[in-house]
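Protein chains: 2
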Amino acid sequence: MEKVAVQLGQRSYPIVIAPALLANAKLQPEFSALWHYRQVIIITNPTIAPLYLSSVRDLFAGADVHELQIPDGESFKTLQTFEQATSFLLQQKISRDALLVALGGGVIGDLTGFVAACYQRGIEFLQIPTTLLSQVDSSVGGKTAVNHPLGKNMIGAFKQPQAVLIDPLVLRTLPEREFAAGMAEVIKYALLGDASFFDWLLAESDAITKQSPAVLSEMIRRCCQMKADIVSRDETEQGERALLNLGHTFGHAIEAWLGYGTWLHGEAVAVGMLMAAKLSASRGDLSSEQVDTISTMLTLFKLPVLPPAGMQIADFFPYMKTDKKVKAGKMRFVLFEQLGQAVLVDDVTDVELNQVFANFHV
Amino acid sequence: MEKVAVQLGQRSYPIVIAPALLANAKLQPEFSALWHYRQVIIITNPTIAPLYLSSVRDLFAGADVHELQIPDGESFKTLQTFEQATSFLLQQKISRDALLVALGGGVIGDLTGFVAACYQRGIEFLQIPTTLLSQVDSSVGGKTAVNHPLGKNMIGAFKQPQAVLIDPLVLRTLPEREFAAGMAEVIKYALLGDASFFDWLLAESDAITKQSPAVLSEMIRRCCQMKADIVSRDETEQGERALLNLGHTFGHAIEAWLGYGTWLHGEAVAVGMLMAAKLSASRGDLSSEQVDTISTMLTLFKLPVLPPAGMQIADFFPYMKTDKKVKAGKMRFVLFEQLGQAVLVDDVTDVELNQVFANFHV
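Residue numbers (our numbering), protein chains in the order written: chain A, 1091 to 1452; chain B, 1091 to 1452.
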């Protein structure tokens, strides 16, 4: 049993991480307020529903429980799906004192959270992330959004959940490729803020790959704790929180260029982090050995280290220039001050990018 | 020159009310932070643009100023228009440190505010309300939203502006019917919280109708002050703020039943307030003379006192049961404890409504 408290004043909430928590959540004192809602709406998808929907339904026995399934995949994280969800809630006469439950990965969590932020100007929601990526990253911190054809997560809100319920055993039904994509975000935490966690990941790589429940619980807790600490200090990304976007400026461009859902988010972030490392190395802040170590780590966890075939550095520009981190007209990148310490940089020029990534052997 | 401060901690902001303020805003110290934005996007409509857009453009001389016009009318306060606006911002490469300016009435303000709440998870915005209704009500307090076919303002957010700039002289170009609709919200403040303001409105009715700048400024200031006080105590409508919905439960049903944009919002609210008064009278909290006085006041300011032809009380139910004030399955109404003092009530039954409004002679 691992616990993390996200400290945000009145919007504080608990994260509880434990094997078989989905079955045992009712025993958790942290969750006691969850069982009093009169109306509960579980938003999930056809992949997750047959596996875990009945467990979650059981938790809310006694309430008026509704379910809404949306198609699986990043390509459905759109304003159209958002509209369908709000129409469903209105048709079912869901009132403002209901609870939404996000049961699924990042798409379900981001979409449900955005619906919770906007439906009748805000109702409460619970995160039950079922992918590694959402357990370590997207379910924590209150960033919610849908994508726009011109940019990922461009329409959204900051909306904190009431609680996050994480059961690492659900990862056993996660496809290997998605587990790997989640590891990209895990590695991200090590790279941006904790070099000793980087070493720990290397040491525990076998146990992680074999999904030892204890090791996974500790790994997820360390990620959630780092994220919670950063979010507590900078909820709406005025500064430090932007460091969590390590690899994301390049990564979002990859996702958008390919069309959302072709590569997994984590895969794009993996390549993005390596590009950030390469750029940092060209500036003298990382050694080429460190870049190689990062590349080795990504490969160890079955992640890509090269951009998609055919994608040139020029293809990144249009997406990077509408990135949410753009400020005063300048692109801003999260780069490395050193391994385990990221920094926000706004003096990267097109010329420099063209030079460093001329032949794209990142 | 009248000023109101909305006290909301870090989200506090000034409301400044003065004749010719649109021309003189640069002289106001309260607005000094507004002139530093690099990108400014004015959202307005084809009715307002020819009248006031160039004045607002002049205020932001030196910035990169964009404009977006959306069609005039409540029927365009939709998720589709919201999507068009966000697409425009992305196409124009508007970054998160830009300023949106809502130049128009309640539709422009609510829509622009909701775009500001969601674009890249939130950017800043300025309210320049150009209708009486938006000057006394919708531009203050941070309620933003779009409508859904199943209910008004069902998709939205709480998003406070940076400032509210109110120039009563712009009301001279407002159609008489819209001025009257705004007076419904003015009368609402008197009815819900200040009986002496009710008397003042009667005494000043001539000066108000003739749009004396000094009298209008004072009237608008008194409304904004009441709203600011309530919002400061209850920003997200956990309690007291719901009193501002006096007349709105019935009123929204009228608007939705007719189709948004057929009646003006204020017209529907006028009838709604009279229905609330009638219901309160049947409960013994108002005298029939007081109901008559309210009816006289509404008529004096050219407002309707009867629901649309053909609308039966049964036609109200479907809309009222999905009202945002519904809590624990119960409809909640804002009724009168006495004239000048509203109260939230949740024990109104269908039977009672059928009885009081059997033949609809409100």
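Virtual Cβ for every residue (Gly too), placed ideally from N, Cα, C.
By how many angstroms is the C-alpha of residue j removed from the C-alpha of residue i?
i, j, result
"B/VAL1230", "B/THR1220", "13 Å"
"A/ASN1444", "A/LYS1411", "15 Å"
"A/ARG1267", "A/LYS1392", "8 Å"
"B/LEU1306", "B/ASP1375", "31 Å"
"A/THR1134", "A/VAL1226", "19 Å"
"B/VAL1452", "B/SER1224", "Any answer about B/VAL1452 is weak, because its pLDDT of 47 lies below 50 and its placement is not dependable; what the coordinates show is given next. Each residue's alpha carbon lies about 27 Å from the other."
"A/GLN1174", "B/VAL1155", "34 Å"
"B/LEU1111", "B/LEU1255", "7 Å"
"B/SER1378", "B/ALA1432", "17 Å"
"B/VAL1321", "B/VAL1096", "8 Å"
"B/GLU1325", "A/GLU1345", "38 Å"
"B/VAL1106", "B/ILE1298", "19 Å"
"B/LEU1281", "B/TRP1290", "12 Å"
"A/ALA1253", "A/LEU1143", "18 Å"
"A/GLN1428", "A/MET1316", "18 Å"
"B/PHE1407", "A/ILE1198", "33 Å"
"B/PRO1398", "A/TYR1209", "29 Å"
"A/LEU1169", "B/VAL1205", "13 Å"
"B/GLN1380", "B/PHE1423", "19 Å"
"A/PRO1104", "A/PHE1215", "13 Å"
Within 8 Å (strictly less), CB to CB, does residue i reach chain A?
i, result
"B/GLU1173", "yes"
"B/LYS1317", "no"
"B/GLY1246", "yes"
"B/GLN1181", "yes"
"B/LEU1169", "yes"
"B/TYR1103", "no"
"B/VAL1416", "yes"
"B/LYS1278", "no"
"B/GLY1152", "no"
Relative to the C-alpha of residue i, which candidate in the options has its C-alpha closest?
i, options, result
"B/GLY1341", "B/GLU1327, B/THR1326, B/GLU1357", "B/GLU1357"
"A/ALA1241", "B/LYS1249, B/THR1176, B/GLU1266", "A small fix is needed here, since residue 1241 of chain A is Gly in this sequence, not Ala. The candidate whose alpha carbon is nearest that of A/GLY1241 is B/THR1176."
"B/MET1273", "B/LEU1292, B/LEU1255, B/ILE1256", "B/LEU1292"
"B/VAL1435", "B/ARG1373, B/ILE1277, B/ILE1310, B/VAL1191", "B/ARG1373"
"B/MET1365", "B/GLY1099, B/GLY1400, B/PHE1447, B/ARG1311", "B/PHE1447"
"A/PRO1136", "A/LEU1193, A/LYS1300, A/MET1091", "A/LEU1193"
"A/GLU1327", "B/HIS1338, B/ALA1151, B/ILE1213, B/LEU1117", "B/ILE1213"
"B/TYR1409", "B/LEU1259, B/LEU1261, B/MET1244, B/LEU1141", "B/MET1244"
"B/GLU1092", "B/VAL1191, B/ALA1343, B/CYS1314", "B/CYS1314"
"A/GLY1351", "A/PHE1426, A/ASP1162, A/GLN1217", "A/ASP1162"
"A/GLY1203", "A/ILE1138, A/VAL1433, A/GLY1152, A/ILE1132", "A/ILE1132"
"B/ASP1405", "B/VAL1094, B/ALA1318, B/ASP1440", "B/ASP1440"
"A/GLY1400", "A/GLY1152, A/LEU1348, A/LEU1281, A/LEU1189", "A/LEU1348"
"B/VAL1416", "A/ALA1153, A/GLU1157, A/SER1185", "A/SER1185"
"B/GLY1099", "B/TYR1279, B/CYS1208, B/ALA1318", "B/ALA1318"
"A/ALA1418", "B/VAL1321, B/ASP1437, B/ASP1187", "B/ASP1187"
"B/ALA1166", "B/GLY1232, B/ARG1422, B/GLY1195, B/CYS1208", "The amino acid occupying residue 1166 of chain B in the given sequence is Phe; Ala does not appear at that position. Of the candidates B/GLY1232, B/ARG1422, B/GLY1195, B/CYS1208, the one whose C-alpha sits nearest the C-alpha of B/PHE1166 is B/GLY1195."
"A/ASN1449", "A/LEU1396, A/LYS1420, A/ASN1114", "A/LEU1396"
"B/GLY1337", "B/THR1171, B/MET1309, B/SER1370, B/SER1295", "B/SER1370"
"B/ALA1304", "B/TYR1103, B/LEU1222, B/LYS1420, B/ALA1108", "B/ALA1108"
"B/VAL1260", "B/ALA1151, B/LEU1429, B/SER1302, B/THR1234", "B/SER1302"
"A/PRO1265", "A/ILE1138, A/ALA1206, A/GLN1159", "A/ILE1138"
"A/LYS1420", "A/ILE1403, A/VAL1438, A/THR1234", "A/VAL1438"
Hey, does residue i have any beta-carbon neighbour from chain B nearer than 8 Å?
i, result
"A/LEU1264", "no"
"A/THR1202", "no"
"A/HIS1238", "yes"
"A/SER1185", "yes"
"A/GLY1356", "no"
"A/ARG1128", "yes"
"A/CYS1208", "yes"
"A/GLY1419", "yes"
"A/THR1220", "no"
"A/LYS1242", "no"
"A/ALA1235", "yes"
"A/ARG1312", "no"
Every unbroken beta strand (DSSP E) within the segment 1129-1180 of chain B, with a cutoff of 3 residues, ordered by chain: You should have 1129-1134, 1154-1159.
Cβ contact check for the segment 1322-1336 of chain B and the segment 1125-1132 of chain B: 3 or more pairs under 8 Å: The segment 1322-1336 of chain B and the segment 1125-1132 of chain B do not touch, with fewer than 3 CB-CB distances between them shorter than 8 Å.
Segment contact flag, the segment 1178-1188 of chain A with the segment 1139-1147 of chain A, C-beta cutoff 8 Å, min 3 pairs: With a cut-off of 8 Å, the segment 1139-1147 of chain A and the segment 1178-1188 of chain A do not count as touching, because too few Cβ pairs lie within range.
The segment 1349-1364 of chain B touching the segment 1380-1394 of chain B, judged by at least three CB pairs closer than 8 Å: With the cut-off at 8 Å, the segment 1349-1364 of chain B and the segment 1380-1394 of chain B touch.
Contact the segment 1277-1285 of chain B vs the segment 1244-1251 of chain A: 3+ CB pairs below 8 Å: By the criterion of at least three beta-carbon pairs nearer than 8 Å, the segment 1277-1285 of chain B is not in contact with the segment 1244-1251 of chain A.
Ranges of the beta strand (DSSP E) found wholly within the segment 1180-1250 of chain B, counting only runs of at least 3: Along the segment 1180-1250 of chain B, the beta strand (DSSP E) occurs as fully enclosed runs of 3 or more residues at 1189-1194, 1214-1219, 1233-1238, 1241-1248, listed in sequence order.
Inside the segment 1381-1452 of chain A only - beta strand (DSSP E) runs reaching at least 3 residues: Listed in chain order, they are 1423-1428, 1431-1435.
Unbroken stretches of the beta strand (DSSP E), 3 residues or longer, contained in the segment 1239-1306 of chain A: Those beta strand (DSSP E) runs which fall completely within the segment 1239-1306 of chain A and span 3+ residues are 1241-1248, 1253-1256.
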